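Sequential numbering from 37 applies to the sequence shown in my numbering. Where is the CB? At the ideal position from N, CA and C, for every residue including glycine. Quick caveat, the model's predicted, so the values are computed rather than measured.
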Amino acid sequence: MTLIRCISRLRNCGIFRNFDWPRDLPELGRFNLVYGWNGTGKTTLSRVLRHLEKRKPPQGEVKLKLSNGEFEGKQLPDLNLPIRVFNRDFVNESVFRKDGGELPAIFVFGAESVEKQKEVERLKGEHAKAQSKRDAARTEKDKAAKSLDNFCIDRARVIKDTLRSSGQNPYNNYDKSDFKRDAEQMAQDGDGSAYRLSDEEREKLLAQHCATPKAKVQEVKYTLPNLPEVVDKVSQLLNTTVVSAAIETLKRDSKLSEWTREGLELHRHRKAERCLFCEQPLPKDRLAALEAHFSAQYEQLMQRLDGFIKELQALSRATTELRLPHKSEFYDDLQTECQAAEERLRQVLEEVKAFLEAAVKALMEKKERPFERVGCALRAPSVDGDAVKKLNAVICKHNWACEQFQTRVTEARERLVAHMIAEVLGDFVSLRNALEKAEKELKEAQDDLQLLDEKIAALEREIVEHRRPAEQLNEDLREYLGHDELRLEVRDTGYIITRGGVPAESLSEGEMTAIALLYFLKSLEDRDFDLANGVVVLDDPVSSLDANALYLAFGFIRERTKDAGQLVIFTHNFTFFRQVRNWFHHLPNQNKKDISRRPARFYMLNCVRDGNQRCATICQLDPLLEEYESEYHYLFACIYRAASSDTTGTLEQNYSLPNMARRLLESFLAFRRPEISGDLWKKMGSVDFEEAKKLRILRFLHTHSHSDTVGEPEHDLSLLTEAESVLKNLLELIESEDKAHYDAMVKLVKLQAGGEGEE
């Protein structure tokens, strides 16, 4: 059985600002009584425990110590402690609800079907197993969902980091849902192999993704020479010979021959009769011999050789002067292709240039040997005739990319995303299938559990009833109120309250308290609550009841809660406190010296000031409250101790004294001046005591006390420092009025301070 040991910590929880359970304060027992005036935190404590019942996290910082461990407020929804709490919230939410609805039904087991009950118990055993199976399936499903979720988050982050860029880019915000959608679509289309890229393709697409706009590149305007044709023409010229009256010396000396030929042409052009070199007359036979040597056929050959040499030299210069685009002018993904095409073309140009230079050299040699055939060793190189076309193809790609820049970037990103998804598609499908399998198993487990719930509910509807609790509640109301005008009528989903057979309206406060309390006590017999292993909490259950009703209520409470696994009662009503205290005092083993072996514990709530705030605390009940039959004993002892202190109390210590003093004085004068009705001023007027001191007492109490509650002060709290002297005046007044009574009370207080032994 799980019990509440203590409320270990309360931070900013109602009036509990900074509370920790004191080390020297005994933990809760089976029976517990907590006494405190209004405003000292009873409602706050009961609400913390009601949050435990409702399995909701409370406000503020809360820590509860149970017999099976210590738990923070946020863990309360996970605890399954059987507990029922009666407080103002219970009354508002479950009895007199604002929506005017019916009271929830209290169900008990009927006695009609033992066999059906056995079947219910058997089904509940299966239900527990099915619930465990459901919980295990839910854990597996949550685990599979988390694995898939983390995988999608990780993959989406990789894609986002890879494709992140400035400007408009949908992949800057790519997330797990985008990845899951795209992966699902690819899985439906196939295995994703069609979307995979080679390393080279991936690098190109990454370059496209990162590209910035570039200018277009002009195509290369160049045509390769017809090399075989050049070979044929050179071969033809080399095989051409000149038939003439050759001069042997010129024939053997090509340089001399060329020099002589140019000189002869110069003499002809100038019609010179003297040698332009030595200015001697030219012999006629010498000129005729030279002209015969340099015949027209010879001249034609030389002209053909010179003309073709110039043509070849021009072609050679073209290979050198041709401007090719640099790879930096291209988009990054085209630069490698551009460089390869450019290098290929340059190699072709170099081979062509070398070939042309060889052809020119052969023709120059032919000019030196015009009278003989010259063998042709020239061969056309095997070059790539499409080299220019290939380079221009790359240029066309670049220029198209310039025109389709944004489309190209978008397509590159899409292909990269598809590739990155295709790489991990197998893992995604595996995780997705695992989740689908876990979801299917969870649904099957939930369906099995629901079927069992329906079977159990169907059987329980046949063997449980809530008419009998209504009849018993009506009997309790008749006994409690002394009449049977008020009744609880059974409805399909619960009860309604009637007066004289019609729905009751305008219930008195006493009637409302009676119905709420009796309903709560009867609910402890509900089949959904195990009283013997449960915790029952009552917060001021007799509020606003007269003396007779209070004793009746106490009788019902004691009878209905005596078998509870644990009982906690909060009250500010001293008469009720005394009844519960006496009940607890007569419990078996309550007189044990070892407090840990006593079934009952007694506590009280105090309220002090901490700066500008009221703070509540829990402490052990004052012995005067626990051992004597009147609250008056306790109040007198508190005032006497404060007035007899050797040191001035702090503001926190003095804060509650005005309230105590007022209640002490009112109790004393109620006994001493029973014939005078009205407020404290009238009764004080009849007391024979120094007028100045009476006024001082009245002013102090009027300024700093607030009926029976500890409220927020509206006056200068520094005046509380005069508490000690005012309290001495109050004790003097009591002594003056009834010295025998005063001496007896002082003796009692001193005797208690001396520390009587336990029974």
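*Thinking C-alpha only, which one of Glu711, Lys786, Glu237, Phe215 is nearest Ala448?*
If you number the sequence shown from 1, residue 448 lands on position 412. Among Glu711, Lys786, Glu237, Phe215, the Cα nearest to that of Ala448 belongs to Glu237.
*According to DSSP, is Arg637 helix, strand or coil?*
For the purposes of this step, residue 637 is taken as the residue at position 601 of the sequence shown. Here Arg637 sits in strand by DSSP.
*Distance CB(Ala678)-CB(Leu693) smaller than 9 Å*: Your numbering for residue 678 matches position 642 in the sequence shown. Your numbering for residue 693 matches position 657 in the sequence shown. Yes, these two residues count as a Cβ contact at 9 Å.
*Compute the Euclidean distance between the alpha carbons of Pro539 and Val131, then round it to the nearest angstrom.*
Here the question's residue 539 lines up with position 503 in the sequence shown. Here the question's residue 131 lines up with position 95 in the sequence shown. Cα to Cα, the separation comes out at about 14 Å.
*Could you tell me whether the region 203 to 215 touches the region 502 to 520, using the rule of 3 or more Cβ pairs below 8 Å?*
no
_Whole-number beta carbon distance between Tyr676 and Val782, since they are thought to touch under 8 Å_ = Your numbering for residue 782 matches position 746 in the sequence shown. Your numbering for residue 676 matches position 640 in the sequence shown. Between Tyr676 and Val782 the Cβ distance is about 7 Å, and since that is below 8 Å, they are a contact.
*Secondary structure at Gly601, three-state DSSP: helix, strand or coil?*
Locating residue 601 in the sequence shown gives position 565, where the first residue counts as 1. Three-state DSSP puts Gly601 in coil, outside helix and strand.
*When you compare each of Glu393, Thr597, Leu586 to Phe610 by their alpha carbons, which one comes out closest?*
Here residue 610 refers to the residue found at position 574 of the sequence shown. For the options Glu393, Thr597, Leu586, the alpha carbon positioned closest to that of Phe610 is the one of Leu586.
*asked:* Quick check on Gln615: buried or exposed, where buried means 16 or more other Cβ atoms within 10 Å of its Cβ?
replied: Position 579 of the sequence shown, counting from 1, holds the residue named residue 615. With 16 or more other Cβ atoms from the protein chains shown falling within 10 Å of its own Cβ, Gln615 counts as buried.
*Which same chain residues, not among the five before or five after Glu792, have their C-beta less than 7 Å away from its C-beta?*
The count along the sequence shown starts at 1 and reaches residue 792 at position 756. In this predicted model, Glu792 has a pLDDT of only 44, less than 50, meaning its place in the structure is not dependable; the value taken from the coordinates is given anyway. For Glu792, where only same-chain residues beyond five positions count, there are no Cβ hits under 7 Å.
*Close Cβ partners of Ala416 (< 6 Å) along its chain, the five nearest in sequence each way excluded*: Mapped onto the sequence shown, residue 416 falls at position 380. Contacts found: Leu263, Pro264, Val267.
*asked:* Given this structure, state the Cα-to-Cα distance separating Thr739 from Gln649, to the nearest angstrom.
replied: Here residue 739 refers to the residue found at position 703 when the sequence shown is read from its first residue. Here residue 649 refers to the residue found at position 613 when the sequence shown is read from its first residue. About 18 Å.
*asked:* Considering Cα atoms alone, identify which of Leu554, Glu496, Gln482 is closest to Pro505.
replied: Translated into the one-based positions of the sequence shown, residue 505 becomes position 469. Nearest C-alpha to Pro505: Leu554.
*asked:* Which same chain residues end up closer than 8 Å to Arg382 when comparing Cβ atoms and leaving out the 5 residues on each side of it in sequence?
replied: For the purposes of this step, residue 382 is identified with residue 346 of the sequence shown, where counting begins at 1. Same-chain partners within the cutoff: Leu360.
*Ordered along the chain, which non-local residues of its own chain (more than five positions away) have a Cβ less than 6 Å from that of Thr38?*
Here residue 38 refers to the residue found at position 2 of the sequence shown. Same-chain partners within the cutoff: Leu102, Ser103, Asn104, Leu117.
*Going by DSSP, what residues sit across from Glu108 in a beta bridge?*
Here the question's residue 108 lines up with position 72 in the sequence shown. Answer is Lys99.
*Among residues of its own chain, excluding the 5 on either side of Met548, which ones have a beta-carbon nearer than 7 Å to its beta-carbon?*
Position 512 of the sequence shown holds residue 548. Here the set comprises Phe132.
*For Ala652, the residue or residues it bridges with in DSSP*: Taking the sequence shown and counting its residues from 1, the one referred to as residue 652 is at position 616. DSSP output for Ala652 lists Cys643 as bridge partner(s).
*asked:* On the DSSP bridge list, what partners appear for Asp56?
replied: Indexing the sequence shown from 1 puts residue 56 at position 20. DSSP lists Arg45 as partners of Asp56.
*Could you tell me whether the region 410 to 429 touches the region 337 to 346, using the rule of 3 or more Cβ pairs below 8 Å?*
no
*For Thr259 and Lys216, the rounded distance between their alpha carbons*: Taking the sequence shown and counting its residues from 1, the one referred to as residue 216 is at position 180. Taking the sequence shown and counting its residues from 1, the one referred to as residue 259 is at position 223. Cα to Cα, Lys216 sits roughly 55 Å from Thr259.
*Might you give, ordered along the chain, the residues of its own chain that have their beta carbon closer than 7 Å to the beta carbon of Cys188, omitting 5 neighbours on each side?*
Here residue 188 refers to the residue found at position 152 when the sequence shown is read from its first residue. Here the set comprises Lys212, Phe215, Lys216.
_Spatial neighbours of Lys491 in its chain, beta-carbon cut-off 8 Å, leaving aside the 5 residues before and after_ = For the purposes of this step, residue 491 is taken as residue 455 along the sequence shown, with counting starting at 1. Excluding residues up to 5 positions away in sequence, Leu159 lie with their Cβ nearer than 8 Å to the Cβ of Lys491 in the same chain.
*asked:* According to DSSP, simplified to helix, strand and coil, what is Asp575?
replied: Taking the sequence shown and counting its residues from 1, one reaches residue 575 at position 539. Three-state DSSP puts Asp575 in a strand.
*Under 8 Å Cβ to Cβ from Gly747, same chain only, skipping five residues before and after it: list those, please.*
By one-based count along the sequence shown, residue 747 stands at place 711. For Gly747, the predicted structure reports a pLDDT of 40, less than 50, and the residue's modelled location is therefore unreliable. The matter cannot be settled from this model.
_At the level of alpha carbons, what is the spacing between Thr248 and Phe366?_
By one-based count along the sequence shown, residue 248 stands at place 212. By one-based count along the sequence shown, residue 366 stands at place 330. Approximately 11 Å between the Cα atoms of the pair.
*Rounded to whole angstroms, how far is the Cβ of Leu567 from the Cβ of Ile605, which I believe are closer than 8 Å?*
Along the sequence shown, one-based indexing puts residue 567 at 531. Along the sequence shown, one-based indexing puts residue 605 at 569. Actually they do not touch by this definition, with Cβ atoms about 16 Å apart.
*Quick one: what's got a C-beta closer than 6 Å to Asp512's C-beta in the same chain, skipping five residues either side?*
Taking the first residue of the sequence shown as 1, we reach residue 512 at position 476. Excluding sequence neighbours, Asp512 sits near Leu554.
*asked:* Here's the rule: buried if 16 or more other CB atoms are within 10 angstroms of the residue's CB, otherwise exposed. What is Cys655?
replied: For the purposes of this step, residue 655 is taken as the residue at position 619 of the sequence shown. Cys655 should be labelled exposed.
*Enumerate, from N- to C-terminal direction, the unbroken alpha helix (DSSP H) stretches of 4 or more residues contained entirely within the region 228 to 268.*
235 to 246
*Give me the Cα-Cα distance between Leu581 and Ala589, rounded to the nearest whole angstrom.*
Within the sequence shown, residue 581 is the residue found at index 545, counting from 1. Within the sequence shown, residue 589 is the residue found at index 553, counting from 1. When rounded, the distance between both Cα atoms is 9 Å.
*For Phe122, which three-state DSSP category applies?*
Residue mapping note: residue 122 aligns to position 86 of the sequence shown, counting from 1. Looking at Phe122 - three-state DSSP - the assignment turns out to be strand.
*asked:* Just to confirm, is the Cβ distance from Ile457 to Val253 under 9 Å?
replied: Numbered from 1 along the sequence shown, position 421 holds the residue referred to as residue 457. Numbered from 1 along the sequence shown, position 217 holds the residue referred to as residue 253. Cβ atoms of Ile457 and Val253: not closer than 9 Å.
*Based on the DSSP output, what are the partners of Val70 in its beta bridges?*
Residue 70 sits at position 34 when you count from the first residue of the sequence shown. Paired residue(s): Phe606, Tyr639.
*Where the beta strand (DSSP E) through Gly530 begins and ends*: Mapped onto the sequence shown, residue 530 falls at position 494. Run containing Gly530: 530 to 535, per the beta strand (DSSP E) assignment.
*Three-state secondary structure assigned by DSSP to Val419*: Stepping through the sequence shown from its first residue, residue 419 is reached at position 383. Coil.
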